[in-house]
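Asker: First the structure, then my questions, so here it is.
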Amino acid sequence: MNADRLRPVVLTLAAGALAAVLTGCQQGGAAAGGAAPSVPAASTATPGSAGSAGSGGGGTPTAAPTDAPTAAPTVAPVVKEPAAPKASEPVPAPKPKTTAPAPACVDSTPGPDDVDPDEFALYRIEELDGSTGKVNLVVRHGAWGCGSADSDGGPFVVTGEESRWALDQAAYVTATNPIVAGTENQRIGVQELIDWVDAHPDSGLVFRYGTGDDGAIHRLEEVFTP
């Protein structure tokens with residue numbers, strides 16, 4: 343074949359092949375341009391760091407907050423201190439009450455405040471049923487009168503009505519003159535006292551007495567009078 347005749351044919355084929363290649367490249371680029379854009383990775387930057395980046399500053403990015411709860415601070419209990427006592431002036435001790443001393447003697451008939459509660463004048467003794475174990479003393483209360491300057495003492499001045507006090511037959515009894523000889527108290531029996539009082543009624547001898555739990559007299563001591 344003639345070479346001059348083949349050259350146009352070859353050029354034509356080459357031009358067609360080049361056009362096909364160009365057409366394929368354009369379609370490949372369009373396909374690549376139409377694909378879905380890839381999702382960018384989540385940014386861990388905080389709003390503060392984003393703002394710093396947006397403003398163009400070179401600030402250090404703020405660390406992201408963590409989900410772990412922080413321990414609450416321990417609050418110490420409030421202890422109230424006792425209020426200090428207010429200073430005050432010392433309170434003076436109350437003055438002891440003074441009472442008028444009981445008169446040593448009376449010049450006239452004694453009043454209720456003058457009567458000695460522990461002494462009486464004995465006048466008679468009344469015997470009771472033996473089953474009671476007691477006898478009755480007939481007495482009058484009173485107080486000591488004031489004697490003259492040359493006397494050894496004043497008389498026992500009685501007041502009020504006669505009263506009766508039970509005396510236990512097992513009571514402790516002492517007596518002096520005139521029941522017994524001498525000025526010292528001597529113990530005697532209840533029956534001995536009964537016998538003497540029966541023989542000397544209304545003598546008015548003064549006795550100091552003490553009662554027991556039953557209210558009866560369990561101790562009877564004669565008071566010596568000169």
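Residues 343 to 568 (our numbering) are what the sequence shown spells out, left to right. C-beta atoms are modelled at their ideal positions from N, C-alpha and C, and glycine is treated no differently.
1. Nearest CA to the CA of Leu-535: which residue from Thr-525, Phe-549, Gly-524 and Glu-526?
2. For Tyr-514, count neighbouring C-beta atoms within 10 Å of its own C-beta (all shown protein chains included) and say buried if the count is 16 or more, exposed if not.
3. Rounding to the nearest angstrom, what Cα-Cα distance links Ala-540 and Val-480 in this structure?
4. Tell me whether the beta-carbon of Val-522 lies closer than 8 Å to the beta-carbon of Ala-485.
5. Express the C-alpha separation of Arg-529 and Asp-455 in angstroms, rounding to a whole number.
6. With Glu-526 as the anchor, note down where its alpha helix (DSSP H) starts and where it stops.
7. Taking the straight line between their C-alpha atoms, what separation do you get for Pro-497 and Asp-555?
8. Can you name the start and end residues of the beta strand (DSSP E) that Ile-559 belongs to?
9. Indicate whether Val-499 and Pro-452 have their beta-carbon atoms separated by less than 8 Å.
10. Between which two residues does the beta strand (DSSP E) carrying Asp-510 extend?
11. Are the beta-carbon atoms belonging to Ala-558 and Asp-510 less than 8 Å from one another?
12. Do you know how far the Cα of Ser-490 is from the Cα of Trp-507?
13. When you compare only the Cα positions, how much space is there between Gly-531 and Ala-517?
14. On the CB-based measure, 16 or more other CB atoms within 10 Å of its CB, does Ala-463 come out buried or exposed?
15. Starting from the Cα of Gly-475, find the closest Cα among Thr-501, Ala-512, Val-448 and Ser-505 and give me that residue.
16. By the DSSP assignment, the beta strand (DSSP E) with Leu-479 in it spans what residues?
17. Give me the residue from Pro-543, Glu-503 and Val-477 with the minimum Cα distance to His-560.
18. Give me whichever residues DSSP pairs with Ala-463 in a beta bridge.
19. For Glu-563 and Asn-527, which I take to be in contact (beta-carbon distance under 8 Å), what is that distance rounded to the nearest angstrom?
Answerer: Reading from the atomic positions:
1. Nearest option by C-alpha distance: Phe-549.
2. Exposed, since its Cβ has fewer than 16 Cβ neighbours within 10 Å.
3. Here the sequence assigns Asp to residue 540, which means Ala is not the residue at that position. Rounded to the nearest angstrom, the two C-alpha atoms are 12 Å apart.
4. Taking 8 Å as the Cβ cut-off, Val-522 and Ala-485 do not qualify as a contacting pair.
5. Distance between the alpha carbons of Asp-455 and Arg-529: 32 Å.
6. The continuous stretches of alpha helix (DSSP H) do not include Glu-526, and DSSP gives it neither H nor E.
7. Spanning the two alpha carbons is a distance of roughly 32 Å.
8. For Ile-559, the uninterrupted beta strand (DSSP E) segment begins and ends at 559 to 564.
9. Their beta carbons are under 8 Å apart, which means Val-499 touches Pro-452 by this criterion.
10. Element bounds for Asp-510: 505 to 517.
11. Yes, Cβ-Cβ distance for Ala-558 and Asp-510 is below 8 Å.
12. So the alpha carbons of these two residues sit roughly 33 Å apart.
13. Cα to Cα, Gly-531 sits roughly 10 Å from Ala-517.
14. Using a 10 angstroms sphere on the CB of Ala-463, the tally of other CB atoms reaches 16 or more, which defines it as buried.
15. Looking only at Thr-501, Ala-512, Val-448 and Ser-505, the smallest Cα-Cα distance to Gly-475 is reached by Ala-512.
16. That run of the beta strand (DSSP E) goes 476 to 482.
17. Check the Cα spacing between His-560 and each of Pro-543, Glu-503 and Val-477: the tightest is with Val-477.
18. In the DSSP assignment, Ala-463 is bridged to Arg-482 and Val-548.
19. About 6 Å; that satisfies the 8 Å criterion.
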